[in-house]
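Participant:
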Amino acid sequence: ISPSVEQLRGYSVEEAMGQDLQDSLTADSYAMIMEAFPAELREFLHNPNNPKTHYAQVRQPCKDGSVIWVEFSMKYRLNKTGELEAIGVSRNIEERKRAEERIRFLSYHDQLTGLYNRRYYEELLPTIDVPDNYPLSLVMADVNGLKLANDTQGHQVGDAMLTAVADMLQKMCKQHDLVARIGGDEYVLLMPNTRADEVEQRISDVDTHLRNHSVGSLRLSVSFGWATKDSTEKSLPEIFKEAEDMMYTRKRLERSSRIFCQD
Numbered sequence: 001i002s003p004s005v006e007q008l009r010g011y012s013v014e015e016a017m018g019q020d021l022q023d024s025l026t027a028d029s030y031a032m033i034m035e036a037f038p039a040e041l042r043e044f045l046h047n048p049n050n051p052k053t054h055y056a057q058v059r060q061p062c063k064d065g066s067v068i069w070v071e072f073s074m075k076y077r078l079n080k081t082g083e084l085e086a087i088g089v090s091r092n093i094e095e096r097k098r099a100e101e102r103i104r105f106l107s108y109h110d111q112l113t114g115l116y117n118r119r120y121y122e123e124l125l126p127t128i129d130v131p132d133n134y135p136l137s138l139v140m141a142d143v144n145g146l147k148l149a150n151d152t153q154g155h156q157v158g159d160a161m162l163t164a165v166a167d168m169l170q171k172m173c174k175q176h177d178l179v180a181r182i183g184g185d186e187y188v189l190l191m192p193n194t195r196a197d198e199v200e201q202r203i204s205d206v207d208t209h210l211r212n213h214s215v216g217s218l219r220l221s222v223s224f225g226w227a228t229k230d231s232t233e234k235s236l237p238e239i240f241k242e243a244e245d246m247m248y249t250r251k252r253l254e255r256s257s258r259i260f261c262q263d
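In the working numbering, the protein residues as written are 1 to 263.
1. What span of residues does the alpha helix (DSSP H) with Asn225 cover, start to end?
2. Would you report the Cα separation of Asp270 and Leu236, rounded to the nearest angstrom?
3. Could you please give the first and the last residue of the uninterrupted alpha helix (DSSP H) stretch that includes Asn150?
4. Indicate whether His209 and Ala164 have their beta-carbon atoms separated by less than 8 angstroms.
5. Taking Arg96 as the reference, give the member of Glu242, Glu71 and Asn79 with the closest Cα.
6. Roughly how many angstroms separate the alpha carbons of Lys52 and Val89, rounded to a whole number?
7. Between which two residues does the beta strand (DSSP E) containing Pro61 stretch?
8. Pull up the distance between the alpha-carbon of Thr232 and that of Pro131, whole angstroms please.
9. In the DSSP assignment, what are the bridge partners of Asn92?
10. Jot down the residue ranges of each uninterrupted alpha helix (DSSP H) in the segment 174-255, minimum 4 residues, whole runs only, in chain order.
11. Considering only their Cβ atoms, is the gap separating Leu78 from Pro48 smaller than 8 angstroms?
12. Pick helix, strand or coil for Glu85, following the three-state DSSP scheme.
13. Taking the alpha carbon of Met168 as the point to measure from, which residue in Tyr121, Ser204 and Trp226 has its own alpha carbon closest?
14. Spatial neighbours of Gln170 within its chain, please: C-beta separation below 7 angstroms, excluding the five flanking residues on both sides.
15. Which of the three DSSP states, helix, strand or coil, is assigned to Asp142?
16. Going by DSSP in three states, Leu78 sits in which element: helix, strand or coil?
17. Grab me the residues of Pro135's own chain with a C-beta within less than 6 angstroms of its C-beta, minus the 5 sequence neighbours each way, in chain order.
18. Across which residues does DSSP place Leu136 in a beta bridge pair?
19. According to DSSP, simplified to helix, strand and coil, what is Tyr116?
20. How should Tyr55 be labelled, buried or exposed, when 16 other C-beta atoms within 10 angstroms of its C-beta is the threshold for buried?
21. For Phe260, name the three-state secondary structure that DSSP assigns.
22. Going straight from the alpha carbon of Ala268 to that of Thr113, what length do you get?
What follows is the structure, given as structure tokens:
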């Protein structure tokens, strides 16, 4: 073991030498290594004079209690007494893993609100549209007045409206619900095992909260539409269309009501 192990994991060479493989890896990494070992061993014993280099990315515990990502490259060999040995090198790939995780996060999340994005929502649909989740309710939400806010008060105010609505929708969700921003001013919520009357009550609670919440001089206003799938008779795209149609109908009625009140 190289002296650099102390810089990498905080253990001295003597301490690291005293650890068995299981102690030097996290449980999931140890399980992965042990699962791959039989096939690697058979491959080596089939052609020990031309050993293959094996690569693995694992997580290792450090002396201070933290965990780091490490990449191993190693080969098996038989020593002079015929015992199996593994020799190789390892390097810290923590920064690379953080960058990969950041890229993965951004690929499935809306950068402004931190909510899931349309890509994640669409990829999730086949896994959530199953009988165990029925009744499966879908809610559409559209932020009213966003374009006006952007045009008259600037995009910072519009962005603040979007993030405020996103926060409220997240609070509306239960443990297994999902909320995603799928367009400029549109959100969708998926609520497994949730009846239509439950959805209506939760939307009513959010509406009550919205009436008391403003961004700058603008009161937040959101138009909702919802539909519930109770069986396989209707597809989820059909349920989406029902919720979307309701949302736009309610949006037109709310706009007409505001104009009437102003007159």
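Ideal Cβ placement from N, Cα and C applies to all residues, glycine included.
Facilitator: Once the coordinates are examined:
1. Rather than Asn, the amino acid found at residue 225 in this sequence is Gly. Residue range Val222 to Lys229 is occupied by the beta strand (DSSP E) that includes Gly225, with no alpha helix (DSSP H) assigned at that position.
2. Only positions 1 to 263 of the chain appear in the structure, and residue 270 is not among them; the question remains open.
3. Its alpha helix (DSSP H) spans residues Leu146 to Gln153.
4. Cβ distance not < 8 angstroms, so His209 and Ala164 don't count as in contact.
5. Arg96 has its Cα closest to that of Glu71, out of Glu242, Glu71 and Asn79.
6. A straight-line Cα-Cα distance of about 14 angstroms links Lys52 and Val89.
7. Looking at the DSSP string, the run of the beta strand (DSSP E) that includes Pro61 is His54 to Pro61.
8. Roughly 7 angstroms between the two C-alpha positions.
9. BP columns for Asn92 point to Val70.
10. As far as the segment 174-255 is concerned, its whole alpha helix (DSSP H) runs of at least 4 residues are 196-210.
11. Closer than 8 angstroms, so yes.
12. Residue state, collapsed to three classes: strand.
13. The option with the nearest alpha carbon to Met168 is Ser204.
14. Cβ contact annotation for Gln170 (same chain, cutoff 7 angstroms, sequence separation greater than five): Val179, in chain order.
15. Asp142 falls in the strand class under three-state DSSP.
16. Strand at Leu78.
17. Taken in chain order, the residues that qualify are Arg195, Thr228 and Asp230.
18. Answer by DSSP bridge pairing, in chain order: Lys229.
19. Here Tyr116 sits in strand by DSSP.
20. So Tyr55 ends up on the exposed side.
21. Residue confidence is low: Phe260 scores 40 on pLDDT, short of 50, so the model does not pin down where it sits. Its coordinate-derived value is still stated next. Collapsing the DSSP output to three states places Phe260 in a helix.
22. The requested residue 268 is not part of the displayed model; the chain covers only 1 to 263.
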